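K.L.:
Residue numbers (this note's numbering), protein chains in the order written: chain A, 159 to 511; chain B, 159 to 511.
Where a beta carbon is used, it is the ideal one built from N, C-alpha and C, also for glycine.
Remember, it's a predicted structure, so these values are computed and weren't measured experimentally.
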DNA sequence: TTTAATTACGGGTACGTTAACGAATATATA
DNA sequence: TATATATTCGTTAACGTACCCGTAATTAAA
């Protein structure tokens, strides 16, 4: 530990060199009006010369501003624990930046009720936040919500899934197509000639089906590109209860006896695993997401691979990006695709979500 | 943006409630002497009651202390670009925390010259830093260095490889055994009956051979545990030039014509890839690390899988841990194993090192 | 009892920045 | 020319914490 030498590059030094007061320096730093062209240029050149960087600590400390950010993500349901992870990321970010004068208001909606989503967006808009983090499950409603945000000049960051209307400060989430493509690549190592591949889409009517389709598209694209024997079967299941799923699955396994690989396009893979385990099928099972129930089946050896895209990070990074944009107007990557992680029984214990 | 409401939980408020000055509050906060037992307890109970958390911004700003951290890692050689990544992580951390009054001095050693390592450690000790980040390639020398650090009460963090003497503030790096175990798990999906697996260790006499052995041990353990047909061949190559490597490889491929899987236990896998490409062997190649040359061979389809453990993160996290420990005495995970990432042609573009 | 030493505490300035307020100067309007 | 209105700038008090320095009160030593 050493005594710190007095900073020779702060506003004070700039003011001294320019023969003005620090208030004037402050004005040009935030290019507010009230400074003559001459002195402004003089000060700018000195700033350049010293290549001055403001002290972020002092900046936040002195700023009497409070930033209020709102987050809107699905509530955690019995249906799926997926949204636990992004929420944890949000909470971590909250903890880290709250002492910087940031207040984070968390809003949730029910993925089964569009009205709940719309309702929450209204409440959020009324609260006039400075920035918004949004997981847009319902596309149409999200588009009109974000359109309003842009009108009101409220920056927003999307996570988990993107929107067609553009204009977000950033999208942080998966590249769905490529994650399907990667899964296919994995499968290509595992499938032998004559064996069949089953794609399983499980989603409710209300779900964002587009998600699954994109993954399937990527998956199929790989096999098309590599002229692999087209032995892909697909099943769409629009019920999410275990019974229905098992009914459909046993039916298709009777129709096709040579299925060796099963690719489930979302995190409901554990339900398929349940079926596979009970029916003692010898297949390779690939699915999505680092959920407790999925990991359990992976440890048992029923699920072979999980593809995962750091959902916790998505929440965390989303908020941090908003904060940095608003507080320091630092540049933000317009599209930040999460890495496509491959989990197996042997590396899942080391995974950081 | 809203005006911030005046903080009602700072030292000032505590002082007001306790009927003392903030200086006294400050004394008990840092439990310095000069406070009577009575007032100390009174203040402590108020701190408890308000569950006061110091404002880190103000704390760093007001502190006239400068923390000096030293980093000692291998210099970037033509031999391998591996150490580029940790260095980048170090530089990123530097950028982020230098405005918090942290000065980072970077030292480098030549992996071919033990003396250079020893020399640098001496220079570092003379500079009396407040903390050290170390990549301990030479075990014996590192042990005696870190022993001295402990004597001098200088906390140190190890990255990339651990030391037997313990006492580090934290180890941040791979679990070598498990990364080998994972690789074997992958291989188990890919190998067919009767096919041979070749383990390739390439390292110089001076290198930390222990690294490779640990991975090999994990790799073999998997096959032992799963009673897989023992068809593992192994070759140790103690020269790192392309010519020697190719000589040894072609010899072993002549001896064993049924090698279908090659597992290279470190980042020199690109040299093996070069051989495989030229000799047009049809094998699955697995190796380590996200290096340019490796990625190139992966894109070409010569290397099938790379195992990687976020070397950049290691440098970054190492410094951040040191900083947080020293500045805020926040708790640090004693062992932080990096995730074991699996890279293929199809997800490497999205990888964050 | 006087003096010295020790203990307990408060005042006040500094860290680098923000921004409210008001003063001074320049320019426009009558 | 007198007055109003912009324009340009400086003074100053915060933000929450650290810590130097001085002083009053208490205790110990003479």
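Under three-state DSSP, which class holds residue 379(B)?
P.N.:
helix
K.L.:
Residue 223(A) by DSSP, collapsed to three states: which one?
P.N.:
strand
K.L.:
So with CB distances below 7 angstroms, who are the chain B contacts of residue 339(A)?
P.N.:
Within chain B, the residues whose beta carbon sits less than 7 angstroms from that of residue 339(A) are 504, listed in sequence order.
K.L.:
With distance defined between alpha-carbon atoms, name the residue in 463(B), 368(B) and 467(B) nearest to residue 295(B).
P.N.:
368(B)
K.L.:
Counting only C-beta atoms, is residue 215(B) closer than 9 angstroms to chain A at any point?
P.N.:
For residue 215(B), at least one C-beta of chain A is nearer than 9 angstroms to its own C-beta.
K.L.:
Given a threshold of 16 other Cβ atoms within 10 Å of its Cβ, counted over all protein chains shown, does residue 421(B) qualify as buried or as exposed?
P.N.:
buried
K.L.:
What residue range does the alpha helix (DSSP H) around residue 460(B) cover?
P.N.:
Neither: residue 460(B) is in no alpha helix (DSSP H) and is coded neither H nor E.
K.L.:
Report the residue from 292(B), 414(B), 237(B) and 440(B) whose alpha carbon sits nearest the alpha carbon of residue 361(B).
P.N.:
237(B)
K.L.:
If I follow the unbroken alpha helix (DSSP H) through residue 247(A), where does it start and stop?
P.N.:
242-255
K.L.:
Along chain B, which residues have their Cβ under 8 angstroms away from the Cβ of residue 111(A)?
P.N.:
As shown, chain A starts at 159 and ends at 511. That puts residue 111(A) outside it, with no answer to give.
K.L.:
In the region 346-362 of chain A, which residues sit with their C-beta less than 7 angstroms from some C-beta in chain B, listed in chain order?
P.N.:
347 and 348
K.L.:
Residue 506(A) and residue 448(A) - do their beta-carbons sit closer together than 9 angstroms?
P.N.:
yes
K.L.:
Anyone know if the C-beta pair for residue 358(A) and residue 323(A) falls short of 9 angstroms?
P.N.:
no
K.L.:
DSSP state of residue 354(A), grouped into three classes?
P.N.:
Reduced to three states, the DSSP call for residue 354(A) is strand.
K.L.:
Give the range of the beta strand (DSSP E) segment to which residue 328(B) is assigned.
P.N.:
328-331
K.L.:
Bridge partners of residue 347(B), per DSSP?
P.N.:
For residue 347(B), which the question treats as bridged, DSSP gives no partner whatsoever.
K.L.:
Residue 471(A): buried (16+ other C-beta within 10 angstroms of its C-beta) or exposed?
P.N.:
buried
K.L.:
In its own chain, which residues sit with a C-beta less than 6 angstroms from the C-beta of residue 169(B), not counting the 5 before and 5 after it?
P.N.:
180 and 183
K.L.:
Keeping to the same chain, check which residues put their C-beta closer than 8 angstroms to that of residue 366(B); ignore five residues upstream and five downstream.
P.N.:
295, 296, 297 and 319
K.L.:
Using 8 angstroms for Cβ pairs, my map puts residue 227(A) next to residue 260(A). What's the rounded Cβ distance?
P.N.:
6 angstroms
K.L.:
Give me the chain B residues within the contact set of residue 336(A), using Cβ-Cβ distance strictly less than 9 angstroms, ordered along the chain.
P.N.:
504, 505, 507 and 508
K.L.:
Roughly how many angstroms lie between the CA atoms of residue 307(A) and residue 283(A), to the nearest whole one?
P.N.:
8 angstroms
K.L.:
For chain B, is any of its Cβ atoms less than 9 angstroms away from the one on residue 380(A)?
P.N.:
yes
K.L.:
For residue 190(A) and chain B, any beta-carbon pair shorter than 9 angstroms?
P.N.:
no
K.L.:
Quick one: what's got a C-beta closer than 7 angstroms to residue 453(A)'s C-beta in the same chain, skipping five residues either side?
P.N.:
506
K.L.:
In three-state terms, what does DSSP make of residue 228(A)?
P.N.:
strand
K.L.:
Terminal residues of the continuous beta strand (DSSP E) containing residue 420(A)?
P.N.:
417-422
K.L.:
Using the Cβ count rule (16 or more neighbours within 10 Å means buried), how would you classify residue 529(A)?
P.N.:
For chain A, the structure presents residues 159 to 511; residue 529(A) sits outside this window and is missing.
K.L.:
Which residues mark the beginning and the end of the alpha helix (DSSP H) in which residue 303(A) is found?
P.N.:
297-309
K.L.:
Three-state secondary structure (DSSP) at residue 359(A)?
P.N.:
DSSP places residue 359(A) in the strand class (E or B) of the three-state scheme.
K.L.:
Distance cutoff 9 angstroms, beta carbons only. Does residue 496(B) sit that close to anything in chain A?
P.N.:
yes
K.L.:
For residue 186(A), which of helix, strand or coil comes out of DSSP?
P.N.:
helix
K.L.:
I think residue 462(B) touches residue 443(B), with their Cβ atoms under 8 angstroms apart; what is that distance to the nearest whole Å?
P.N.:
6 angstroms
K.L.:
How is the alpha helix (DSSP H) around residue 495(A) delimited, first residue to last?
P.N.:
Taken as a continuous stretch (DSSP letters only), residue 495(A) belongs to no alpha helix (DSSP H), being part of the beta strand (DSSP E) at 493-495.
K.L.:
Go to residue 444(A), then tell me how far its beta strand (DSSP E) extends in each direction, as first and last residue.
P.N.:
442-446
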